[in-house]
Every structure is written in structure tokens, then in C-alpha cells.
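With my numbering as the guide, the letters of the sequence shown map in order to residues 5 to 131.
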Amino acid sequence: MYTFKKEERLCNKKLIDGLFHNGSSFLCYPYKASWMFTDGEQQSPVQIVFSVAKKRYKRAVDRNLVKRRMREAYRLNKQAQLYDVLSGAGKKMVLSISYIGKEISPYDFFEKRMLKLLIQLAGEASK
């Protein structure tokens, strides 16, 4: 329930390209979410990729810190906010969450905003 396994990570190049060309997106500062429903055979309800711009954060340790905080906030809140809604609707999606913030905030801020993003995404998915 509170795991983040390999099956949940989005690694397929064709799916990533399709996500950015055909998917929908919205902004929930400091995140930008791009998502698309899929018909493919995937084991988990959501496959996700996290990204942080190298242009904004030059040092790899800063990018990795932000990605770790994003993954942790997602891992702890995905089941209650997103997976239950998608399973009830019988849908599967691919998702990209990009960090567009200007500074590295404490983890509490990351978690609050991730919760808001997942609730908004669940609302989009239930339409």
C-alpha cells in the first residue's frame, strides 16, 4: 500500500512521448502535472515519472533532493487520494509531475501541495 515499486515507474519512451504530445496538464504550484489515460496492460493504476529542471537546479544533489521529497509525498498519499478513485472507475493512467518551484522548501510544503495535486487529479479522473 505504501510502496513505490518498479511497475509504478514510467520508463517507456513511447508512453512518455505520447503523454507530452497528447496528454492534458494543469498547474498546482510548485508542480506541473501532465496526465493521460491508457488502455495498455499495466499492473498498477498509475505509472508516474518525476522531473526537476536542470536549468533551474544546476547541482545534481539539489535535483535529487527535490525528487526524493516528491516521491515520498506521492508514495504516502497515492492510495487514499488517487488509486481508490481510479480503481473504482476502472481506469489506468500515465502521469508526469514536474517541479517548477524556485526554491527548495521543507518536506511539509511538498506534502501539502502533493495532496492538493492528487485530489485535483482524482477529480479530473472521475469526470
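Don't be surprised by glycine CBs; every beta carbon is placed ideally from N, CA and C.
Measuring alpha carbon to alpha carbon, tell me which residue in the options is nearest residue i.
{"i": "G94", "options": "R75, Y61, F30 and K131", "result": "K131"}
{"i": "T7", "options": "Q83, E115 and F113", "result": "Q83"}
{"i": "R72", "options": "S28, F41, I101 and G127", "result": "I101"}
{"i": "D88", "options": "K62, P49, F54 and A64", "result": "P49"}
{"i": "K116", "options": "G127, A77 and K10", "result": "A77"}
Which stretch, first to last residue, makes up the beta strand (DSSP E) that contains residue i?
{"i": "I4", "result": "Since the displayed the chain opens at 5 and closes at 131, residue 4 lies outside it and no answer follows."}
{"i": "Y6", "result": "That residue, Y6, is in no beta strand (DSSP E); it is neither H nor E in DSSP."}
Leaving out the 5 sequence neighbours to the left and right, which residues in its chain are closer than 7 Å to residue i when beta-carbon positions are compared?
{"i": "L125", "result": "A37, W39 and L86"}
{"i": "L69", "result": "I108"}
{"i": "L119", "result": "N81 and Q85"}
{"i": "F54", "result": "K71, M74, R75 and I101"}
For a test of the three-state rule: what should DSSP assign to residue i, helix, strand or coil?
{"i": "F41", "result": "strand"}
{"i": "Y33", "result": "coil"}
{"i": "S130", "result": "coil"}
{"i": "S91", "result": "helix"}
{"i": "Q46", "result": "coil"}
Who are residue i's beta bridge partners in DSSP?
{"i": "R13", "result": "I52"}
{"i": "S28", "result": "W39"}
Which residue marks the beginning of the alpha helix (DSSP H) containing residue i, and which one marks its end?
{"i": "Q103", "result": "According to the sequence provided, residue 103 is Tyr. The question's Gln does not apply to it. No alpha helix (DSSP H) holds Y103; the beta strand (DSSP E) holding it covers K96 to Y103."}
{"i": "Q83", "result": "Run containing Q83: none; DSSP gives neither H nor E here."}
Looking only at its chain, what residues have a beta carbon closer than 8 Å to the beta carbon of residue i, apart from the 5 residues adjacent to it on each side?
{"i": "S29", "result": "K36, A37, S38 and W39"}
{"i": "R79", "result": "Y6, T7 and F8"}
Taking 6 Å as the limit between beta carbons, can you name the residues of its chain near residue i, skipping five residues before and five after?
{"i": "A140", "result": "There is no way to answer for residue 140, as the model of the chain reaches only from 5 to 131."}
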